[in-house]
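Participant: First the structure, which I've put down as structure tokens, then a few questions once you've had a look.
2 protein chains.
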Amino acid sequence: MQSSLFVQAASGKATSRTPVWLMRQAGRILPEYRKVREKAKDFKKLVKTPELAAEVTLQPVRILEVDAAIIFSDILVIPEAMGLNYEMEENKGPVFPKKITSVNDLRGLHIASPEELQYVLDAISLTKKELNGAVPLIGFAGAPWTIFSYMIEGRGSKTFSAAKKMLYTQPAFSHQLLDMITESTIHYLKAQIRAGADVIQIFDSWAGILAPHQYKEFSLKYISKICDAIPECPKIVFAKGAFFARAEMNTMNCEVVGLDWNMGIAESRALLPDKVLQGNLDPCALYGSREDVKRETKKMLDAFGPSKHIANLGHGLYPDTEVDKVKCFIETVKEHNKLKA
Amino acid sequence: MQSSLFVQAASGKATSRTPVWLMRQAGRILPEYRKVREKAKDFKKLVKTPELAAEVTLQPVRILEVDAAIIFSDILVIPEAMGLNYEMEENKGPVFPKKITSVNDLRGLHIASPEELQYVLDAISLTKKELNGAVPLIGFAGAPWTIFSYMIEGRGSKTFSAAKKMLYTQPAFSHQLLDMITESTIHYLKAQIRAGADVIQIFDSWAGILAPHQYKEFSLKYISKICDAIPECPKIVFAKGAFFARAEMNTMNCEVVGLDWNMGIAESRALLPDKVLQGNLDPCALYGSREDVKRETKKMLDAFGPSKHIANLGHGLYPDTEVDKVKCFIETVKEHNKLKA
């Protein structure tokens, strides 16, 4: 796997063409995924059954021909393993029946051990076996700040004001909980790598709601800690909305930084000269015609240039995207680069 | 009113101290507001009854002692006047029973005339009379892109992917609808000024979900058109999340640019050297203790410096903010500046 296109690029090495994969490629848009999802009845069953998780992980490799697989799972398996159960409500997203409201609630939590997430590790082993070296496998976890937000809010939010209130009113407690999440995540990611993950990605989905000074103190610090603790493989950090932290991320111990579609490419290159960049086509660009998709994809590829780039969208795939347009995006990346070579 | 602290500052002139007001100050946090709200039964009744709208507009002037009033209304009165009725669902926000799905739906719409929004104009006249010159009055409207999004989505959204899909798949139709909204808004804002508004603010709440090139084409263009059409008074443009458009906004025909709390102050000064800046304390900073609020407010004031600044939050007040903390924010702005003078 060390010699694959994707791992080479993620390690900052030159490659014959730009590799491509998509966030949320495992699931959401494929009819083949929805069949497995129906078989599993609910989302968590799918996440917790290694055979099914492996199957939907492999689908985009076979059907879309992406250059990397990403294990089908959820960032909220970490708070669950720590002692805070979540449920997935149809069309509503995750909900925590109990949430963390004060330091007293920490008594119900513990630092998760990888054994509590054995089902993810089994899904990784199984996937690796079935991939049989075709493409590498990405493991992942949520950034501690994003996990913290869910544990405090109990669900998604427009302002995440309850989680942010905690940072302002109880900074010591906030750091204590963030530390527990960070420790759990380091153990978990190391176990994913032992089970076969070739590269790992950290998703900071709610990065964009913090003021720059708070982001540094309550999020970047913990992502850095994770990156420093994991020298085993290349690491991708995707902090959606954290345009203000790009300069600081250049000194972080990760090889790749993911960009969302708001972040200008030239500006990001200037702020992150030492990193491989991943991204960043607007997922809504795939709503256009095939011609539109080709044009927008080429524009993006030209802006990034032929090296130090992993092609992706600037966010996860939206559920109503047509498979044909996704294929068009992937093919365009592969073709455009060939022409350049 | 031309000589008031706030209008002077909004015109780019030197003032004895930094003026201060808050977005969503009219309503939300005051018990006095909730009493009027209960009397009116529902939100739209409150918006449409000039006496009640004027009353809640005046409350923050009397109770919080801000340096400007902002007329109590809603940005969605414009689509309603154009022919698309909205409803306000408790704890859920606005919902449009019918929404715009294709060019055919334009037949039900027209360019709104100010007479259709007479209730807002009456509320403005009434407020001005009762203010009796104490502080100036801010009028406002939503930016065309934000109004367009609501008309297409029918409600708030996490991704606004339906509205964005329209930009990608039907750009000509999108421009047609944006033009109609822009025309309606220009007439409306001019009427607000005739009725007594001293300064106007344009709110682009959903600026942050567009890619930079789309923001320029589908939002900035129309905000510029509005600014160009209204030489009568100073204009404030607040485009939440449009960090990427700051350099372009420096050449726009408005006097003041509002910043959200993600936007670095020094960086924004460099990108917007010709503008007065408004903002930008994180609304969640008001969850801290009085000492915290004072410290964070002073830090912000020092970063902006003593001139070309209108103090505000980086977003509207959150409903669970304590009145005492809001007062502390306002007092700190007034005191800190006095010390400097």
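The listed protein sequences derive, respectively, from chains A and B. Under my numbering, the letters of the first sequence match residues 1 to 341, in that order. Under my numbering, the letters of the second sequence match residues 1001 to 1341, in that order. Glycine included, C-beta positions come from ideal geometry on N, C-alpha and C.
Does DSSP classify ALA9 (chain A) as helix, strand or coil?
Facilitator: Correct three-state label for ALA9 (chain A): helix.
Participant: Kindly indicate which three-state DSSP category LYS1235 (chain B) falls into: helix, strand or coil?
Facilitator: Strand at LYS1235 (chain B).
Participant: Pull up the CB-CB distance for LEU1277 (chain B) and LYS1308 (chain B), whole angstroms please, since I reckon it's below 8 Å.
Facilitator: Yes, they are in contact, since the Cβ atoms of LEU1277 (chain B) and LYS1308 (chain B) sit about 7 Å apart, within 8 Å.
Participant: Report the rounded CA-to-CA distance for LYS1092 (chain B) versus LYS165 (chain A), giving the unit in angstroms.
Facilitator: The straight-line gap from Cα to Cα measures roughly 21 Å.
Participant: For GLN1214 (chain B), which of helix, strand or coil comes out of DSSP?
Facilitator: The answer is helix: DSSP assigns GLN1214 (chain B) an H, G or I state.
Participant: If you count every other CB in all the chains shown that lies within 10 Å of the CB of GLY1288 (chain B), and 16 or more means buried, which is it?
Facilitator: Counting Cβ neighbours within 10 Å, GLY1288 (chain B) comes out buried, since at least 16 surround it.
Participant: Pick from A:LEU272, A:ALA9, A:GLU267: whose alpha carbon is nearest that of THR251 (chain A)?
Facilitator: When each option's Cα is compared against that of THR251 (chain A), the closest is A:LEU272.
Participant: Using a Cβ cut-off of 7 Å, pull out every chain B residue sitting near TRP261 (chain A), in sequence order please.
Facilitator: By Cβ distance, chain B contributes ALA1211.
Participant: From the DSSP output, in three-state form, read off HIS1110 (chain B) for me.
Facilitator: Correct three-state label for HIS1110 (chain B): coil.
Participant: Within the same chain, show all residues whose beta-carbon is closer than 6 Å to that of MET1249 (chain B), passing over the 5 residues directly before and after it, in chain order.
Facilitator: Cβ neighbours of MET1249 (chain B) beyond the five flanking positions: VAL1257.
Participant: Restricting to Cα atoms, I'd like to know which of A:PRO283, A:GLU331, A:ILE330, A:ARG246 is closest to ASP274 (chain A).
Facilitator: Nearest option by C-alpha distance: A:ARG246.
Participant: Can you say whether GLN1176 (chain B) is buried or exposed, counting buried as having 16 or more other CB atoms within 10 angstroms of its CB?
Facilitator: Burial call: exposed.
Participant: Using a Cβ-Cβ cut-off of 6 Å (strictly less than) and excluding sequence neighbours within five positions of LEU121 (chain A), which residues of its own chain qualify?
Facilitator: Correct list, in chain order: ALA191, ALA195.
Participant: Any idea what DSSP makes of GLY1142 (chain B), helix, strand or coil?
Facilitator: Three-state result, GLY1142 (chain B): strand.
Participant: Let me know the secondary structure DSSP gives GLY27 (chain A) once reduced to three states.
Facilitator: Three-state result, GLY27 (chain A): coil.
Participant: List the residues of chain A whose Cβ lies closer than 9 Å to the Cβ of ALA1014 (chain B), in chain order.
Facilitator: Those do not exist, as ALA1014 (chain B) stays about 29 Å from chain A at its closest Cβ, beyond 9 Å.
Participant: Assess, as a yes-or-no matter, whether the segment 1008-1019 of chain B is touched by the segment 1320-1337 of chain B under the definition of 3 or more beta carbon pairs within less than 8 Å.
Facilitator: Because the criterion of three Cβ pairs below 8 Å is met, the segment 1320-1337 of chain B and the segment 1008-1019 of chain B touch.
Participant: State yes or no: is the beta carbon of CYS1284 (chain B) nearer than 7 Å to at least one beta carbon in chain A?
Facilitator: Judged by the 7 Å Cβ criterion, CYS1284 (chain B) is in contact with chain A.
Participant: Shorter than 7 Å from the beta carbon of THR1169 (chain B) to some beta carbon of chain A?
Facilitator: Output row for THR1169 (chain B): interface = yes.
Participant: Under DSSP, the alpha helix (DSSP H) around VAL1066 (chain B) begins and ends at which residues?
Facilitator: Here VAL1066 (chain B) belongs to no alpha helix (DSSP H), and DSSP marks it neither H nor E.
Participant: Taking 6 Å as the limit between beta carbons, can you name the residues of its chain near VAL1056 (chain B), skipping five residues before and five after?
Facilitator: Excluding sequence neighbours, VAL1056 (chain B) sits near ALA1026, GLY1027, TYR1033, VAL1036, PHE1072.
Participant: Taking three-plus beta-carbon pairs below 8 Å as touching, is the segment 1094-1109 of chain B in contact with the segment 1153-1160 of chain B?
Facilitator: The answer is yes - the segment 1153-1160 of chain B touches the segment 1094-1109 of chain B, with three or more Cβ pairs under 8 Å.
Participant: Would you say GLY142 (chain A) faces chain B, with C-beta separation under 7 Å as the test?
Facilitator: GLY142 (chain A) does not count as touching chain B.
Participant: Here's a check: name, in chain order, each residue in its chain whose Cβ is nearer than 7 Å to the Cβ of THR1185 (chain B), leaving out the five neighbours to either side.
Facilitator: These residues qualify, in order along the chain: ILE1078, ALA1141, PRO1144, ILE1226.
Participant: For the beta strand (DSSP E) that MET88 (chain A) lies in, which residues bound it at each end?
Facilitator: 87-89 is the span of the beta strand (DSSP E), which, as asked, contains MET88 (chain A).
Participant: Which residue wins for smallest C-alpha separation from ILE223 (chain A), given the options A:LEU178, A:GLY314, A:GLY108, A:GLU65?
Facilitator: Of A:LEU178, A:GLY314, A:GLY108, A:GLU65, the residue nearest in Cα terms is A:LEU178.
Participant: Counting only the same chain and skipping the five closest in sequence on each side, list residues whose C-beta sits under 8 Å from that of VAL293 (chain A).
Facilitator: Around VAL293 (chain A): ALA285, LEU286, LYS325, CYS328, PHE329, THR332.
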